[in-house]
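Each residue of the sequence shown is one higher than the one before, starting from 123 at the first, in our numbering.
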Amino acid sequence: MDITKHNFYEELDNILKAIEESTFLSIDGEFTGLDAEGCSHCAPFDTPSERYSKLKNGSTDFLLLQVGLCAFKVDEGKRMYEAKPYNFYLFPSVPHRSAPDKRFMCQSSSIDFLVSQGFDFNKVFREGIPYLTAEQEHQMRCFLEQKHSEQSNQSFSAMEIPENQREFMEDICEKIDAFMAKEDAEPLEIKGCNGLQRKLVYQTVEEKYPLARLETKTGENKERYLLLHGAKNSEELAKIDRERQAAEMMELDIQVGFSKVFQAITKAEKLVVGHNMFLDVLHCIKHFHSSLPDDLEDFKSLVTGVLPRLVDTKLISSTPPLKDFIEKTSLGELHEALQSKPFKPVTIKTAPGFERYTEEETKLHEAGYDAFITGSCFATMCKFLGSCQKPATDFLLPSSSVIKTFVNKLYLMRIADIQYLTLDGPDMEVNRDHVFYVTFPKEWRMSDLFSLFEPYGNIQISWLSNTSALVGLHNKKNAKIAFEALSKEKGLFHVSSYAFYHRNKALKWSAAAVKRKNSEELELPPNKIKRQSLDADRNSSIKKPVTEASSEGEAQSGDNSGRKLFDESTDW
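In structure tokens:
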């Protein structure tokens, strides 16, 4: 079922009920890109912390265009599931200037791929459901509450009406007089005003019409106009204020949008299934909950508090005994492999009104369909794992102890010796004595590294720069011999242990962190920076020596996260 902003609130109660009644949920996302230019690519010798940092810094500034959510409800008696797949179109629209105006990146290859799959970008931008993080919602709510509390005492600095605006204001006053004289008149729309004229109208209404209230509205074409409400007495005026404030709070509630669904998933604490879902989890946390922390352990604590039970089907399919029967584990290929022996697909019936997706008709890379077949793959793999137990069972529930071994482990792509990230505990400790840090001339190519390590067997290369790389031996038994021989050679290259490389890298990170901390502690407040700059300019004319001041870039690069999300507190 497609869900846009036009039917979101109409379907919301049904969606929340489906989440609450589900046995498990499956999710999927479609993005405007996967990795940012200039950011480090995922490499085969990444540590879990390095991989998290790379994904956080290089992948989460893209937009989440679609979220697929499928609620699976078990019927144990019939050994089957009922599925309710939803396909949500998302877009962080800006209905008014108090809403966050989000910036995001696009990657041309990702956009091109989605176009080739028939993705409807017009539907995203025209009909996408808005969303806010909890922090953004809190800031907007506080802003509105403060605005409402100050509204009764609000006054505008009076300005003299310019000569070229007098005729305009006389015409406006005539319209307001006629409006206020009417009984039960609909609010008066005042259109075609520029910013100065709107300010003059606000000023005039405050001075001359104590029983009138103005508000600024935005039309369908983003044009701004004024709406005048009239009252007969103070009680009616207070009612107008209350209704307007309630309408603004309701508008904020609409802006929360899809985040209501994410909040319901969090509250329900259901098992949430995804395929290769690390990036999906990062995006969901960042867009619907809060900013991502820098530290991996902080991220783990955050995720387990928000999504306490995650399962990655990529990990299950890459682990024995399933690994022995599945060659390719991309979602489409996995789903296809699970349709044939030795696997026996679980019966899955879509609920009435959800017949758009079937397992026979593929709609890959539509988030709702991908979530649907992710859950289907999970159910079939559960059934297969059940058949491998002693005694065997032909219908293994997701709550079984067999599945618990996969809970809160996210698959890590392209890392041979660390298969997954452990969210609720320490990560795997691996021995990388067979991996070497090699520096060499910039003219060297891959063939030169293969020649260097040829006596010790096949190698895996992870380039760090044009003069350095990590090189891993496939035959780990040759590690000691290779290191003893190559580390002693003096020449164009230098070979160090992986432990040396990682220790040296950690020291550099630590030094950089200390430098940043010291810089932050020494940073002057903005007013003092400005004063120091003025003093320096003044003193330079008499050639006095001055102490070295922070650069203009440093003075202007302070963190703006504490600023309000709102450009102005007035309505005009």
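Built from N, CA and C at the ideal position, the CB exists for glycine as well.
This one's a predicted model, so the numbers in the text were calculated from it and none came from an experiment.
Express the C-alpha separation of Lys505 and Val468 in angstroms, rounding to a whole number. 7 Å
Along the alpha helix (DSSP H) that carries Ala390, what are the first and last residues, could you check? 381-390
If contact is defined by three or more beta carbon pairs under 8 Å, each pair taking one atom from either stretch, is the segment 404-411 in contact with the segment 501-516? no
Asp293 to Val327 span [Cα, whole Å]: 13 Å
Taking all protein chains shown into account, decide if Tyr268 is buried (16 or more other Cβ within 10 angstroms of its Cβ) or exposed. In the sequence on display, residue 268 carries Gln and not Tyr. Answer is exposed; the Cβ neighbour count stays below 16.
Can you tell me where the beta strand (DSSP E) with Asn209 in it begins and where it stops? 202-211
Which residue or residues does DSSP assign as beta-bridge partners of Tyr559? Leu592, Ser618
Does Leu592 pass the burial test, meaning 16 or more other C-beta atoms within 10 Å, or should it be called exposed? buried
Who are the Cβ neighbours of Trp585 in its own chain at under 6 Å, not counting the five residues just before and after it? Ala591
Below 8 Å between beta carbons: does that hold for Ala386 and Ile583? no
By a C-beta neighbour count over all protein chains shown, 10 Å radius and 16 as the cutoff for buried, is Pro520 buried or exposed? buried
Starting from the C-beta of Thr472, find all residues in its chain whose C-beta is less than 6 Å away, skip the five residues before and the five after it, and write them out in chain order. Ala205
To the nearest angstrom, report how far apart His411 and Phe575 are at their CA atoms. 48 Å
Could you check which residue in Lys321, Leu534, Lys139, Ala256 has the C-alpha nearest to that of Glu282? Lys321
contact_flag[the segment 561-571, the segment 456-464] where n(CB pairs < 8 Å) is 3 or more: no
In three-state DSSP terms, what is Lys471? strand
According to DSSP, is Ser413 helix, strand or coil? coil
Is Lys195 closer than 8 Å to Ser144 when the C-beta atoms are compared? yes
Residue interval of the alpha helix (DSSP H) (run including Asp299): 288-303
Within this structure, are the beta carbons of Leu333 and Leu374 separated by less than 8 Å? no
Is it the case that the Cβ atoms of Glu500 and Val395 are separated by a distance below 8 Å? It should be pointed out that residue 500 corresponds to Phe in this sequence rather than to Glu. In contact: Phe500 and Val395 (Cβ atoms closer than 8 Å).
Look up Ala193 in the DSSP assignment and give the residues it is bridged to. Leu147, Lys206
Opening and closing residue of the beta strand (DSSP E) in which Gln367 lies: Premise fails: Gln367 lies in the alpha helix (DSSP H), 356-378, not in any beta strand (DSSP E).
Taking all protein chains shown into account, decide if Gly180 is buried (16 or more other Cβ within 10 angstroms of its Cβ) or exposed. buried
Less than 8 Å separating the beta-carbons of Asn316 and Met535? no
Rounded C-beta distance between Ile312 and Arg335? I'm assuming under 8 Å. Actually they do not touch by this definition, with Cβ atoms about 13 Å apart.
Under the rule that 16 or more other beta-carbon atoms within 10 Å means buried, what is Ile137, buried or exposed? buried
Can you find the residues in the same chain that come closer than 6 Å, C-beta to C-beta, to Gln229, ignoring five residues on each side of it along the sequence? Gly155
Assess, as a yes-or-no matter, whether the segment 417-435 is touched by the segment 545-561 under the definition of 3 or more beta carbon pairs within less than 8 Å. yes
Check whether Leu148 and Thr496 have beta carbons under 8 Å apart: Residue 148 is actually Ser in this sequence, not Leu. Cβ atoms of Ser148 and Thr496: closer than 8 Å.
Outcome for Met503 when other beta-carbon atoms lying within 10 angstroms are tallied against a minimum of 16: buried
Can you check whether the CB of Ala604 is closer than 8 Å to the CB of Asp555? no
Could you tell me whether any non-hydrogen atom of the ligand ATP is closer than 7 Å to the CB of Ser509? Absence of the ligand ATP from the depicted structure is noted, as is the absence of any ligand whatsoever, leaving it without description.
Residue interval of the beta strand (DSSP E) (run including Tyr479): Note, Tyr479: premise wrong, no beta strand (DSSP E); not H, not E.
Between the beta-carbon of Phe153 and the beta-carbon of Leu186, is there less than 8 Å? yes
Taking Ala538 as the reference, give the member of Asp124, His163, Asp168 with the closest Cα. Asp168
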